[in-house]
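Novice:
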Amino acid sequence: MSSLTLSTLTAWVRNSAVYRSIIRHGVADTNRNRSLVIFENLFLHVHPVKVREKTLKFTHTFWLGGITMVATFVLFATGILLMFYYHPSVPQAYRDMKELMFVVDNGVFYRNMHRWAAHLMVLGAMLHMLRVFYHRAYRPPRQFNWVVGVVLLLITLLLSYTGYLLPWDQLAFWGVSVGTNMAKEAPLIGKPLRFLLLGGNIVSENALLRFYVLHCVVLPAVLMLFISVHIWRIRKDGGVQGPPEKDPGEEVEP
Amino acid sequence: MSQTPQTFAPVESSDPMVVPKRVAMVRPDTRPTIRRREEKWVMTFPHLIIREVIMFMLVVIGLAVVALLFNAPLEGLANPLETPNPSKAPWYFLGLQELLHYFPPVVAGVVIPGLVVVALVVIPYARINLVAGPLWSGDRKRLTTGITAVTGVLVILFSTFQCWAIVVPSLIVAAAMFLARSEGSGGSFRRFLALVTLPEWVMTWFVLVAAILTIIGTFFRGPGWSLVWPWNMYPPA
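So the sequence lines, in the order shown, correspond to chains A and B.
The opening residue of the first sequence carries number 8 in the working numbering; numbering runs sequentially from there.
The opening residue of the second sequence carries number 4 in the working numbering; numbering runs sequentially from there.
1) Would you call the CB atoms of B:Ile215 and B:Ala177 closer than 8 Å?
2) For B:Ala213 and A:Ser167, what's the separation of their Cα atoms in angstroms?
3) Along the chain, where does the beta strand (DSSP E) that runs through A:Val77 open and close?
4) Look at the alpha carbon of B:Leu61 and the alpha carbon of B:Pro127, and state the distance between them as a whole number of angstroms.
5) Shorter than 8 Å from the beta carbon of A:Ala132 to some beta carbon of chain B?
6) When DSSP labels each residue in this structure, what does A:Met133 get in the three-state scheme?
7) B:Phe222: which of B:Val121, B:Val170, B:Val210, B:Trp94 sits nearest, CA to CA?
8) Can you pull out the residues from the region 47-59 of chain B whose beta carbon lies closer than 9 Å to at least one beta carbon of chain A?
9) Could you name the residues of chain B that A:Arg167 contacts, counting a contact when the two beta carbons are closer than 9 Å?
10) Use the C-beta contact count for B:Leu66: other C-beta atoms within 10 angstroms, 16 or more gives buried, fewer gives exposed.
11) Around the C-beta of B:Met28, are 16 or more other C-beta atoms found within 10 angstroms, so that it is buried, or is it exposed?
12) Span of the beta strand (DSSP E) holding A:Val110?
13) Cα separation between B:Pro202 and A:Leu204?
14) Show which residues of chain A have a CB atom less than 9 Å away from the CB atom of B:Gly227.
15) Please determine, among B:Lys144, B:Val119, B:Trp234, the residue with the shortest C-alpha to C-alpha distance to A:Val158.
16) Along the alpha helix (DSSP H) that carries A:Arg217, what are the first and last residues, could you check?
17) So, does the CB of B:Pro76 fall closer than 8 Å to a CB anywhere in chain A?
18) Exposed or buried, B:Ser173, counting other C-beta atoms within 10 Å across all chains shown (16 or more means buried)?
19) Going by the DSSP bridge assignment, what does B:Arg224 pair with across the sheet?
20) When you compare the CB of A:Met189 with every CB in chain E, is at least one pair closer than 8 Å?
21) Would you mind telling me which residues of chain A sit closer than 8 Å to B:Trp44, beta carbon to beta carbon, in chain order?
22) To be precise: take each residue of the region 178-208 of chain A, compare its Cβ to all Cβ atoms of chain B, and keep it if any distance is under 9 Å. Which residues remain?
23) If you measure from the beta carbon of B:Met206 to each beta carbon in chain A, is any gap under 8 Å?
Shown next as structure tokens:
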């Protein structure tokens with residue numbers, strides 16, 4: 008065996024039968040292999056193999072959808088870690104918060120990160136929606152994806168809101184009480200809806216459990232479903248849409 | 004089809020970067036992403052992927068720094084018998100909670116948020132949002148009457164509820180709309196205003212009102228939902 012360097016080691020790994028069984032294409036030094044990087048990978052194949060160069064410009068989308076998506080990833084990662092230490096019961100939920108903050112290694116860091124990422128996700132989704140509006144990117148054929156986006160914004164707000172109750176402190180309890188009291192005012196469905204959501208007539212232990220299940224199971228699943236549709240539709244509708252063309256003749260409008 | 008077809012010449016090339024010429028039949032109900040002129044394309048890997056990775060890292064690092072510097076709030080154990088004054092919803096609902104101060108709960112809690120969601124959903128299906136040109140490109144006389152009438156109704160309606168947080172931004176937006184009327188003259192800001200379409204004016208008005216209500220609700224409301232400075236929100240008992 009010749010002298011062991013990083014490049015010979017990399018080459019040895021790349022040529023091994025196991026590596027070739029996982030990644031079938033060679034080094035991405037030809038356009039063919041660069042294409043294969045994208046469409047032989049489950050996670051990357053939502054992308055086309057080539058993109059228009061101008062879509063890479065920062066001002067094309069300001070990356071707002073992407074930033075919201077990263078915040079979502081961070082929330083999933085930190086949220087799962089927090090779940091290991093959390094009991095959705097009164098008053099253990101609050102004690103778990105104290106435990107996270109003062110006992111668990113890095114617990115305060117993950118809790119902080121989850122909280123601030125949640126704010127970023129809500130703000131990012133709102134700004135993304137404004138960007139799409141002012142760029143008029145909701146126009147055909149993207150009408151339906153705009154509607155999916157509105158649904159995603161509502162799911163985001165519900166996720167943030169259900170998570171707000173989980174620490175079971177004064178802020179959480181009264182914040183959710185104020186909000187659900189507003190829901191009560193809806194004619195006919197208001198009161199039954201509130202009862203269903205809270206598992207009672209006031210914010211109580213039952214409400215905590217229901218909000219926990221919604222926050223950790225139901226809403227994330229629904230969110231993933233709608234994000235899948237949203238991203239798949241971006242691709243099907245012709246890729247990300249930036250600002251409208253300066254010269255209308257450039258674009259073939261319906 | 005509204006376009007005259009361009010002359011079609013077959014191109015043969017073995018250069019992988021050359022995009023093949025395509026023939027497209029564009030029907031009125033199909034996708035508008037077909038363009039007359041070819042654009043420059045680049046390989047997704049590495050050009051897009053590297054940017055996505057950098058963006059991912061920047062956001063995660065930024066969040067980590069914020070998480071290290073600022074602790075998430077945690078107050079005392081929830082106590083249904085002790086209502087904090089003021090008790091506030093999360094920040095994104097404080098605009099609505101602020102409205103609750105002016106309007107009956109059914110309006111602030113159900114009608115207005117319901118209308119906002121419906122308005123958002125119908126945006127791409129309303130013709131005005133698809134074809135609108137610069138505001139003053141249409142019938143100027145009708146527009147003047149229209150803007151004056153709508154602003155008048157809004158101002159009178161919200162003034163009766165003493166909701167100045169909506170009245171003032173409405174007047175500002177209306178003034179800006181009339182400022183946009185004198186296109187050509189004036190600086191670059193006026194020329195920019197002249198290009199704004201009606202849907203954009205309406206959205207800007209909505210965002211302005213929502214932002215002002217949220218800021219007031221978050222920072223300037225204290226005990227009994229009274230107007231206070233941010234540093235006096237929870238006065239010592």
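Just so it is clear, CB atoms sit at the ideal spot from N, CA and C, and this is done for glycine as well.
This structure is a prediction, so every number in the text was calculated from the model and none was measured.
Specialist: Here's the rundown:
1) The Cβ atoms of B:Ile215 and B:Ala177 do not sit closer than 8 Å to each other.
2) If I take the Cα positions, the gap works out to 19 Å.
3) Bounds of any beta strand (DSSP E) do not take in A:Val77; it lies within the alpha helix (DSSP H) bounded by 71-90.
4) Approximately 33 Å, taken between the alpha carbons.
5) For A:Ala132, the nearest beta carbon of chain B is not closer than 8 Å to its own beta carbon.
6) Three-state DSSP puts A:Met133 in a helix.
7) Checked all of B:Val121, B:Val170, B:Val210, B:Trp94; the closest Cα to B:Phe222 is B:Trp94.
8) Cβ contacts with chain A: Thr47, Phe48, Pro49, His50, Leu51, Ile52, Arg54, Glu55, Met58, Phe59.
9) Contrary to the premise, residue 167 of chain A reads as Ser rather than Arg in this sequence. Chain B residues near A:Ser167: Pro93, Tyr95.
10) B:Leu66 comes out buried.
11) Residue environment for B:Met28: exposed (fewer than 16 other C-beta atoms within 10 angstroms of its C-beta).
12) Run containing A:Val110: none; DSSP gives neither H nor E here.
13) Put simply, the backbone Cα of B:Pro202 is about 36 Å away from that of A:Leu204.
14) What B:Gly227 touches in chain A: nothing, since even the nearest Cβ is about 14 Å away.
15) Looking at the Cα atoms, B:Val119 is the closest of the given residues.
16) Boundaries of the alpha helix (DSSP H) harbouring A:Arg217: 212-220, taken from the DSSP string.
17) Chain A, which has a Cβ nearer than 8 Å to the Cβ of B:Pro76, makes this yes.
18) By the 10 Å Cβ count, B:Ser173 comes out buried.
19) Answer is B:Leu230.
20) Absent from the structure is chain E; the protein chains it does hold are A and B.
21) Those within 8 Å of B:Trp44 in chain A are Lys57, Val58, Arg59, Glu60.
22) Residues of the region 178-208 of chain A with a C-beta less than 9 Å from any C-beta of chain B: Leu178, Ala179, Phe180, Trp181, Gly182, Val183, Ser184, Val185, Gly186, Asn188, Met189, Ala190, Lys191, Glu192, Ala193, Pro194, Gly197, listed in chain order.
23) At a cut-off of 8 Å between C-beta atoms, B:Met206 counts as an interface residue with respect to chain A.
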